[in-house]
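Notes follow the structure.
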Ligand code: TXA
Ligand code: MG
């Protein structure tokens, strides 16, 4: 398949009408958001939505997030409880997805038959403009199933060129990890996936929240949780600080922070810096690029430094742990 590439300079003004046309006629468009790139189809075109699963190799029971470009568009797919509107309007548009009860007209393919739906109003102007001109967009991350989410145009190209109708090149994603997911269908807001909006920030917004712990639950609440995510193909291991002095394998790639670079360099020559502890959002931004680099590097395996587990670090460690477990 021929893939149209739209390289944008001005996210607010550049012409994206070709991408809108492609969506409206049932095609797939990979587009930038402030978290990671999405692979979109119009949510109300079930045949187009089905193609997303085929292209990604994604199990059909793993539901998609629907992307909107205004608060009005929420009403087309879900019911937002009156008490939640003030908070929702305070935090959106932004890097967070809310799970609501879905409206009956939402195609079965989008939610895999669930009676709830994840809705996201991204802050990225291109994502907003697409949803406003073409309509609501169902989109998972624009990677092949099992690969780390794409945070650059190059990563999307690697996975999807020749397989979809259009890729919009919007440069590098600002946050670099997927949106926070909060389920608002229960008694208290339930954090299904930590992300750029931290648990501490959610507590400020909502009062009390509960963080879903897969080890405590008998079934995966978010169907996606049972599938492999974020992991490179090569083995990746988490290293604790106390293991550092004993670490002497030189045939391994070391992913670490700027602050630990010197220490690791004494033990291994192959050190790849993923960001600075002082600017934790740089680590989020570089994480998936670094995980993709593991597979490209000449080294047969990699280790990654363990980070603290509060604030944005908690969200980053959530992804690192899954990658290091090679979770499926
Ligand atoms: O930042 C993001 O959220 C990106 C960009 C493209 O918006 N999207 C993204 O989508 O990460 P995806 O499909 O890779 O991850 C969405 C996760 C999956 O684990 C899925 O199971 C879960 O959200 N999910 C979707 N709908 C749900 C629902 N109704 N209830 C619970 N979990 C849901
Ligand atoms: Mg994904």
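In this note's numbering, the protein residues as written are 822 to 1149. The beta-carbon is built from N, C-alpha and C at its ideal position, and this holds for glycine as well.
Short note on residue 983: C-beta not closer than 8 Å to any heavy atom of the ligand TXA. Residue 828 has 990 as its beta-bridge partners, per DSSP. Sorting 1094, 1060 and 1014 by C-alpha distance to the C-alpha of residue 1126 places 1060 at the top. 953 is the residue among 868, 967, 953 and 823 whose C-alpha sits nearest the C-alpha of residue 838. Assigned with DSSP and collapsed to three states, residue 951 falls in helix.
Taken through DSSP and simplified to helix, strand or coil, residue 941 comes out as strand.
Distances between the C-beta of residue 1002 and the heavy atoms of the ligand TXA include at least one below 8 Å. When C-beta atoms of the segment 851-865 are compared with those of the segment 984-997, three or more pairs fall below 8 Å, so the two segments count as touching.
Assignment of beta-bridge partners to residue 965 by DSSP yields no partner. Not one heavy atom of the ligand TXA sits closer than 8 Å to the Cβ of residue 934. The beta-carbon separation of residue 822 and residue 984, rounded to 6 Å, stays under the 8 Å limit for a contact. Taking non-hydrogen atoms of the ligand TXA into account, the C-beta of residue 1013 is found less than 8 Å away from one of them. Within its own chain, the residues whose Cβ lies closer than 8 Å to the Cβ of residue 962, once the five positions on either side in sequence are excluded, are 857, 858, 859, 860, 970, 971 and 999, listed in chain order. In this structure, DSSP gives residue 833 a state outside helix and strand, which the three-state scheme calls coil.
A distance below 6 Å between beta-carbons, with the five flanking residues on each side excluded, links residue 862 to the following residues of its chain, in chain order: 849, 869, 870, 873 and 959. Looking at the backbone, the Cα of residue 876 and that of residue 957 are separated by about 20 Å. When secondary structure is reduced to three states using DSSP, residue 1100 falls in the strand class.
Taken atom to atom, the span from the alpha-carbon of residue 1025 to that of residue 913 is near 15 Å. Apart from the 5 residues on each side of it in sequence, residue 977 sits with its Cβ closer than 6 Å to the Cβ of 851, 858, 963, 971 and 988 in its chain, given in chain order. Remark: the C-beta of residue 1140 is outside contact range of the ligand TXA, defined as less than 8 Å to any heavy atom. Per DSSP, residue 1144 lies in no beta strand (DSSP E); the unbroken alpha helix (DSSP H) holding it starts and ends at 1132-1145. The segment 825-836 makes no contact with the segment 922-931; the number of CB pairs closer than 8 Å stays below 3.
Here DSSP, grouped into helix, strand and coil, assigns residue 879 to coil.
Nearest to residue 980 by alpha-carbon distance, out of 878, 897 and 844, is 878.
For residue 970, the secondary structure class from DSSP, reduced to helix, strand or coil, is coil.
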